[in-house]
Amino acid sequence: MFKQLAQKILDPARADRLFRIAVLLSALLLPLVMTGFFLQLGWSSAPAWREFGLSLLWSTEWDPVANRFGALPAIVGTLLTTSIAIVAATPPAFIIALYLVDAPPWIGRPLSQALDLLAAIPSVIYGMWGLFVLVPVMQNHVQPFLADTLRMKHLPFVGEYFNGFGILTAGIILALMILPYISAIMRDVFRMTPPMLRESAYGIGCTRWETAVHIVMRYGARGLLGGVFVGLGRALGETMAVLFVIGNVAMLPDSIFAGGTTIAATLANNFAEADGLLRHVLFALGLVLLVMSFIVQLFAQSCLTATAAARGEER
Amino acid sequence: MDPFAPLEDRRRGLRFRKFLDRMVRVASLAALAAGLGGMLWILYTVVDHGAGALGWDFLTEPSKPYGAEHPGIANALIGTLLITLGAALMALPPALGAGIYLSEFGRGSRTAHWIRFSANVMMGVPSVLVGLFIYALWVVPTGKFSGFAGSLALAVIMFPVVMRTTEDILTMVPDALRESALALGMTRARAICRIVCRAGRNGLVTGVLLAVARVSGETAPLLFTALWSDGWPTGYFREPTSNLPVLITEYATNSPFPEQHAAGWGAALVVMTLILLLNIGCRVLFKEKKHV
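Protein chains in written order, with this note's numbering: chain H, 133 to 447; chain Y, 837 to 1128.
Here you go:
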């Protein structure tokens, strides 16, 4: 009987089917884990929602002693740092991609690989560099320059007071971190544009810049947007680099020089010591962050697949 | 009417357009210089601050409580290796399998489409949330922080990355190889394991090593799973396990002592050197594969 069993398993056709089922099962692990994320965060945060209702999302209170919590400061901080990062990183990423894709390979390849290395540096090192190097530079040079020399302190949302830490510093670090991601995707989009289109543009006398703006940007607009969204997703959830430089105060920032916090930084800062209601609130914040990054990914993927599909790639 | 006026206008236009083009090119070089300059600045800072801390003692002594003299990083180094190795052991088999499914069985199928979609979503999930997830899934039920929990978190991060690279690499293997293998009478399983995977071996190794390099510097998911400790990592399954990224965080933010700051920079230098070596090594060693 044992022999029969062994024969059954060793039978090539059966082994083939087994193999197929095994790889399918391991592939199905992924959607399972993804659903698990939503279920688990929803489940663990349920008491917080029951206690505060949806007002958790727009309350600005953060008082662990009185057990009153609101997520608005963290949400606003997340959105502000992310917007600064995107605004600061997208234009350079675009023109870098533009230059690198047409550069001769002997210079283009090493440069783009060096740029990829920028993405390989762990975020905790960005954070440490930010804390010990960028914060003093911001405090002593950049922020006085912006506030006093450029007289921006009279503008709304630019504060008079600064100490180097805060939303702006976090945004700048994030910009540096997401630059290589956005640039890499934009490079691919430039490459995807049919050479015929670009060469035709050159043929009628367009300059490189005109080709990029009128041809490639038209053709690959959604892909470029997808790249921006991928960068957005990374900036939203980045924890360590932000944690080190944002100042970690759970208050609505009144200017971009002010200290603040983000969802990810709040989690990293409080979770290990939290218990009771605070812990559930932190899970609720996690759920908010998960939903935000899920939506961003949805946009990113729909943009990128649309570009690929326009070119007839079935992926 | 001056017959030359329009021509001159056009000329000025051309000059302006060329000027604009050149300006954009200069701007792009400047942006590139800013990006790479930022990177070099970070590298320089880490080397500058970290090199002084390095030494034989630093690499062989365990970390010490705040304020103690001559802190080392040996326990954290071993802990990081353990945690990363554990993550790789857990993530690789299913991730390679899933990649094989996508490239060999799932071309154009709906299931594969959804799996690919969830992989992309998972790659975008902030790593701190992975820590939260594993905390609730493993740390709470078992009642202990442990290095194994950290490995679980890193495995969740590695899985989609390795899966997508596997798929990309295997899709590049020409179909003629598959067809020849099947024509020789191999089963599909055998053809995939013996022929297709072997053809893509270099790419697979590169992909795996890059994924390992990427997770070995992850900090946020370890904060609530592996935690950290000053002891040697003897209780991988039972106790908080020291590791380099969290050690750097602790030393840089929670310690007022310059000794600890220096040790933090030293640890950062070690992590960065390892990661950059892995990255550059892969690119140099398997360069020819990239042009396929």
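No residue lacks a Cβ here, since even glycine has one placed at the ideal position from N, Cα and C.
Other residues of its chain near residue i: CB distance less than 7 Å, five sequence neighbours each side excluded
i, result
"Ala344/H", "Leu230"
"Gly240/H", "Leu232"
"Arg1119/Y", "none"
"Leu1112/Y", "none"
"Gln1096/Y", "Tyr902, Pro907, Tyr1087"
"Ala390/H", "Gly291, Gly298, Ile299"
"Pro312/H", "Leu247, Asp248, Leu250, Ala251"
"Ala948/Y", "Leu938, Gly942"
"Val957/Y", "none"
"Gln429/H", "Gly365"
"Pro196/H", "Leu410"
Alpha carbon of residue i to alpha carbon of residue j, nearest angstrom
i, j, result
"Val381/H", "Ala397/H", "10 Å"
"Val961/Y", "Phe852/Y", "46 Å"
"Ala404/H", "Ala1056/Y", "12 Å"
"Thr437/H", "Pro901/Y", "51 Å"
"Leu212/H", "Met270/H", "18 Å"
"Gly967/Y", "Ala989/Y", "6 Å"
"Ala866/Y", "Arg946/Y", "45 Å"
"Pro242/H", "Glu331/H", "25 Å"
"Ala147/H", "Val992/Y", "28 Å"
"Pro144/H", "Thr1023/Y", "7 Å"
"Ile378/H", "His273/H", "18 Å"
"Ser1016/Y", "Gly359/H", "39 Å"
"Ala180/H", "Thr1077/Y", "31 Å"
"Glu905/Y", "Gln172/H", "44 Å"
"Ala887/Y", "Phe1093/Y", "18 Å"
"Gly262/H", "Phe322/H", "32 Å"
"Phe170/H", "Leu419/H", "7 Å"
"Gly174/H", "Pro977/Y", "17 Å"
"Val1032/Y", "Leu1121/Y", "21 Å"
"Leu150/H", "Ser158/H", "12 Å"
"Ile305/H", "Phe376/H", "10 Å"
"Asp320/H", "Glu342/H", "19 Å"
"Thr1089/Y", "Ala432/H", "34 Å"
"Trp238/H", "Thr439/H", "29 Å"
"Pro327/H", "Ile919/Y", "46 Å"
"Lys854/Y", "Asp1004/Y", "40 Å"
"Gly944/Y", "Met424/H", "29 Å"
Nearest-angstrom Cβ-Cβ length linking residue i and residue j, presumed shorter than 8 Å
i, j, result
"Ser954/Y", "Met166/H", "4 Å"
"Trp1064/Y", "Val1051/Y", "Going by Cβ atoms, the distance from Trp1064/Y to Val1051/Y rounds to 17 Å, so no, they are not a contact pair."
"Leu1020/Y", "Ala1035/Y", "About 15 Å separates the two Cβ atoms, so there is no contact after all."
"Gly1102/Y", "Ile909/Y", "7 Å"
"Leu188/H", "Ala416/H", "6 Å"
"Ala1099/Y", "Pro907/Y", "4 Å"
"Val267/H", "Gly303/H", "Not really, about 13 Å apart at Cβ, beyond 8 Å."
"Leu1006/Y", "Ser963/Y", "About 27 Å separates the two Cβ atoms, so there is no contact after all."
"Val860/Y", "Ile227/H", "6 Å"
"Ile395/H", "Ile153/H", "With a Cβ gap of about 40 Å, Ile395/H and Ile153/H do not count as contacting."
"Ala353/H", "Ile310/H", "Actually they are not in contact, since the Cβ atoms of Ala353/H and Ile310/H sit about 20 Å apart, beyond 8 Å."
"Gly922/Y", "Ser987/Y", "3 Å"
"Tyr293/H", "Leu329/H", "Contact doesn't hold; Cβ gap of about 52 Å is too wide."
Cβ-based neighbour list, residue i, same chain, cut-off 6 Å, excluding 5 preceding and 5 following
i, result
"Glu193/H", "Arg200, Gly202"
"Met127/H", "A query on residue 127/H cannot be resolved here, the shown segment of chain H reaching from 133 to 447 and no further."
"Leu1018/Y", "Ala1027"
"Ser434/H", "none"
"Ile914/Y", "Pro1069"
"Thr1001/Y", "Gly1043"
"Trp877/Y", "none"
Residues of its chain near residue i, where Cβ-Cβ distance is below 8 Å and the 5 sequence neighbours each way are ignored
i, result
"Asn1115/Y", "Leu1046, Ala1049"
"Val975/Y", "Phe981, Ser982, Ala985, Phe1060, Thr1061"
"Leu998/Y", "Per the sequence shown, residue 998/Y should be read as Val rather than Leu. Around Val998/Y: Ala927, Leu928, Ala931, Leu932, Gly935, Gly1043, Val1044, Ala1047."
"Ile1084/Y", "Thr1055, Gly1100, Ala1103, Ala1104, Val1107"
"Ser191/H", "Phe184, Arg200, Phe201, Gly202, Ala203, Leu204"
"Ala235/H", "Leu243"
Per DSSP, cross-strand counterpart(s) of residue i
i, result
"Phe201/H", "Trp194/H"
"Gly379/H", "Gly392/H"
Does the region 148-165 of chain H come close enough to the region 402-418 of chain H that 3 or more CB-CB pairs lie under 8 Å? With the cut-off at 8 Å, the region 402-418 of chain H and the region 148-165 of chain H do not touch.
For the pair the region 212-224 of chain H and the region 361-368 of chain H, tell me if three or more CB-CB distances fall below 8 Å. Counting Cβ pairs under 8 Å, three or more are found: they touch.
Would you check if there are 3 or more beta carbon pairs closer than 8 Å linking the region 329-337 of chain H to the region 238-256 of chain H? With the cut-off at 8 Å, the region 329-337 of chain H and the region 238-256 of chain H do not touch.
Any contact of the region 867-885 of chain Y with the region 1065-1081 of chain Y, i.e. 3+ C-beta pairs under 8 Å? With a cut-off of 8 Å, the region 1065-1081 of chain Y and the region 867-885 of chain Y do not count as touching, because too few Cβ pairs lie within range.
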